[in-house]
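According to my numbering, the sequence shown is numbered sequentially starting from 414. Down below is the structure, laid out as structure tokens.
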Amino acid sequence: MTNSIAYTNLASLVAKYDHLVAVVRDVQPSFLLVSETWLDPDIPNALILLDGFHIYRQDRIGRRGGGVCVYVADHILSKYSVSIINYNTENIESLFLQVTDKTLTFVLGCIYRPPSSVLNDDKLLFQTLSELASNNNKVFIFGDFNLPDVKWPLEMSHNYSGSSQLLVDLLLSHHLIQLVDQPTRYRAGQQPSTLDLIITSDDDLLANLEYLDPVGNSDHVVLKVNMQICTFRRERTVSFLRTVTDYKSVNEDLKKLDWFTLFSDQSIEQNWQVFKNVLRSTVSKHSAVITVKRSSTKPWITAKILKLVRTKRAL
Numbered sequence: 414m415t416n417s418i419a420y421t422n423l424a425s426l427v428a429k430y431d432h433l434v435a436v437v438r439d440v441q442p443s444f445l446l447v448s449e450t451w452l453d454p455d456i457p458n459a460l461i462l463l464d465g466f467h468i469y470r471q472d473r474i475g476r477r478g479g480g481v482c483v484y485v486a487d488h489i490l491s492k493y494s495v496s497i498i499n500y501n502t503e504n505i506e507s508l509f510l511q512v513t514d515k516t517l518t519f520v521l522g523c524i525y526r527p528p529s530s531v532l533n534d535d536k537l538l539f540q541t542l543s544e545l546a547s548n549n550n551k552v553f554i555f556g557d558f559n560l561p562d563v564k565w566p567l568e569m570s571h572n573y574s575g576s577s578q579l580l581v582d583l584l585l586s587h588h589l590i591q592l593v594d595q596p597t598r599y600r601a602g603q604q605p606s607t608l609d610l611i612i613t614s615d616d617d618l619l620a621n622l623e624y625l626d627p628v629g630n631s632d633h634v635v636l637k638v639n640m641q642i643c644t645f646r647r648e649r650t651v652s653f654l655r656t657v658t659d660y661k662s663v664n665e666d667l668k669k670l671d672w673f674t675l676f677s678d679q680s681i682e683q684n685w686q687v688f689k690n691v692l693r694s695t696v697s698k699h700s701a702v703i704t705v706k707r708s709s710t711k712p713w714i715t716a717k718i719l720k721l722v723r724t725k726r727a728l
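The following block contains the structure:
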């Protein structure tokens with residue numbers, strides 16, 4: 414099963430909940446990230462739960478709008494430990510999850526930066542993202558940044574300022590990659606704009622970005638991307654017995670024997686039997702049985718190679 418991440422801006426999760434259920438049934442993501450949830454503490458999780466998912470949320474407190482949440486599929490929770498990383502991004506809703514198993518750790522984040530955000534709040538946001546990128550090898554950040562003037566793919570010749578320059582500086586200083594290069598919001602009477610972004614520390618980790626239809630009457634598309642991450646099963650070992658012989662000592666003992674006396678006055682068949690018995694006895698004297706453990710898996714056989722082998726066999 415391919416793990417995927419879906420993201421969108423809903424501008425009211427409750428109002429579009431029924432449509433979201435249908436989209437999730439069709440897309441079947443492992444992670445679903447939503448910005449502009451418009452939730453508040455009076456709205457219980459039971460009202461917005463998706464079958465087969467656990468929800469993590471960060472609501473806007475004290476005023477309407479904003480908010481983010483992340484749905485994590487139960488099959489992920491059965492294999493991974495998921496915990497919230499606490500960061501304070503004042504007046505900008507953000508939620509960061511650390512997803513871990515025995516061989517893999519990555520950070521998944523969802524952000525809603527309102528268009529009215531002031532520079533000081535943006536500095537705190539991008540400082541937080543900088544810390545995340547510095548402290549973690551695998552980082553996936555999804556969100557509505559509301560910075561339509563930044564040109565994607567990133568145009569270095571363009572003159573950026575203020576918060577847009579903070580975003581550009583973040584990407585360049587940490588060698589981060591932004592994947593979205595098409596408009597993500599289509600609003601009547603306005604120019605289509607790229608507001609929703611996917612930022613990653615390694616573009617090989619995310620693949621096959623798709624721009625799907627909006628949820629209900631939302632004016633933001635749904636972004637879906639596959640995760641190119643597989644966890645390796647613990648190596649299985651096979652134990653077997655192996656006989657080890659010290660042939661140097663065998664040769665030395667055989668040299669000491671008086672073969673003329675051993676072979677005297679006997680037929681060829683009898684001498685052959687004597688030789689075999691002496692040889693077997695001497696080899697046995699200098700041999701030992703040991704237990705050998707060996708991996709039954711070949712380290713060069715990766716999940717990707719196994720998939721290619723299965724595809725070839727199916728032809």
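In this text, a Cβ means the ideal position worked out from N, Cα and C, and glycines have one as well. Keep in mind the model is a prediction, meaning the values are calculated, not measured.
Whole runs of the alpha helix (DSSP H) within the segment 529-616, excluding any shorter than 4 residues | 532-548 and 575-586
For my contact list, residue 628 and residue 429 are in at a C-beta cut-off of 8 Å; report their separation, rounded to the angstrom.
-> 5 Å
Assuming residue 480 and residue 452 form a contact by the criterion Cβ under 8 Å, report the distance between their Cβ atoms to the nearest whole angstrom.
-> 5 Å
Mind checking whether residue 695 and residue 663 have CB atoms under 8 Å apart?
-> yes
Taking the alpha-carbon positions, what's the residue 531 to residue 525 distance?
-> 14 Å
Hey, how far is the Cα of residue 426 from the Cα of residue 516?
-> 34 Å
Residue from 604, 603, 506 and 609 with nearest C-alpha to residue 597 | 609
Cα-Cα, which of 455, 438, 417 and 454 is closest to residue 465?
-> 438
Apart from the five residues just before and just after residue 433, which ones in its own chain have a Cβ nearer than 6 Å to its Cβ?
-> 628
Considering only residues of the same chain and omitting the five flanking positions on each side of residue 415, which have a CB-CB separation below 8 Å?
-> 639 and 640
Residue(s) in a DSSP beta bridge with residue 637 = 419 and 623
Do residue 468 and residue 446 come within 8 Å of each other at the CB atom, strictly closer than that value?
-> no
Which of helix, strand or coil DSSP assigns to residue 628 | coil
Any idea what DSSP makes of residue 700, helix, strand or coil?
-> strand
Paired residues, beta bridge with residue 519 - DSSP | 512
How long is the line joining the alpha carbons of residue 686 and residue 676, rounded to whole angstroms?
-> 10 Å
Residue 633 to residue 569 span [Cα, whole Å] | 26 Å
Are the segment 538-549 and the segment 575-585 in contact at 8 Å, needing three or more beta carbon pairs?
-> yes
Based on the DSSP secondary-structure assignment, which residues constitute the bridge partners of residue 506?
-> 525
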